[in-house]
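According to our numbering, the sequence shown is numbered sequentially starting from 1. To start, the structure itself, in structure tokens.
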Amino acid sequence: MQPFKYKPPRVNTGDLRTPITFYEYAPNKGPEPGESEKEILHQAMAKVDHVWLKDMEMAKSNGTLSDITITIRDPQADYIPTNKHVLSIDDARYRDKRYNIKHVQPDLKKKDFIKIVAGLIE
Numbered sequence: 001m002q003p004f005k006y007k008p009p010r011v012n013t014g015d016l017r018t019p020i021t022f023y024e025y026a027p028n029k030g031p032e033p034g035e036s037e038k039e040i041l042h043q044a045m046a047k048v049d050h051v052w053l054k055d056m057e058m059a060k061s062n063g064t065l066s067d068i069t070i071t072i073r074d075p076q077a078d079y080i081p082t083n084k085h086v087l088s089i090d091d092a093r094y095r096d097k098r099y100n101i102k103h104v105q106p107d108l109k110k111k112d113f114i115k116i117v118a119g120l121i122e
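Rendered as structure tokens:
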């Protein structure tokens with residue numbers, strides 16, 4: 001019989017230390033091009049990760065060095081993130097930067113957290 005070995009979870013609630021805000025954007029009114037914030041959809045605490053060092057070469061070739069991975073608690077039916085939403089990170093290093101959501105990865109086995117991959121809006 002194989003002995004029991006405890007594996008701690010990769011993310012726990014103590015890792016969620018950075019406040020983030022999800023927005024819905026709408027086209028500007030009038031003839032000027034562009035978009036502006038329409039409304040705040042959801043606010044949460046998150047764990048923010050950059051491109052990992054082992055993925056750096058692949059990120060350089062794809063031009064995705066500014067991508068970040070965000071882990072948040074699963075808000076269930078209160079908010080469902082999609083690639084039409086934009087997020088901002090409330091931290092001095094990310095001030096005045098907005099990120100488009102590229103991919104959302106819910107964990108279907110363990111419904112505690114959601115991973116979101118986002119890219120910098122340039």
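Beta carbons: idealized from backbone N, C-alpha and C, even for Gly.
Per DSSP, the continuous beta strand (DSSP E) segment holding M45 begins and ends at E35 to D49. Partner residues in the beta bridge of Y25, as assigned by DSSP, are E37.
Burial state of P81 is buried, judged by a 10 Å Cβ sphere holding 16 or more other Cβ atoms. The DSSP-derived three-state label of T13 is helix. Rounded to the nearest whole angstrom, the C-alpha separation of I89 and E24 is 15 Å. In the three-state DSSP reduction, Y6 falls in the coil class, being neither helix nor strand.
Per DSSP, reduced to three states, the secondary structure at R73 is strand.
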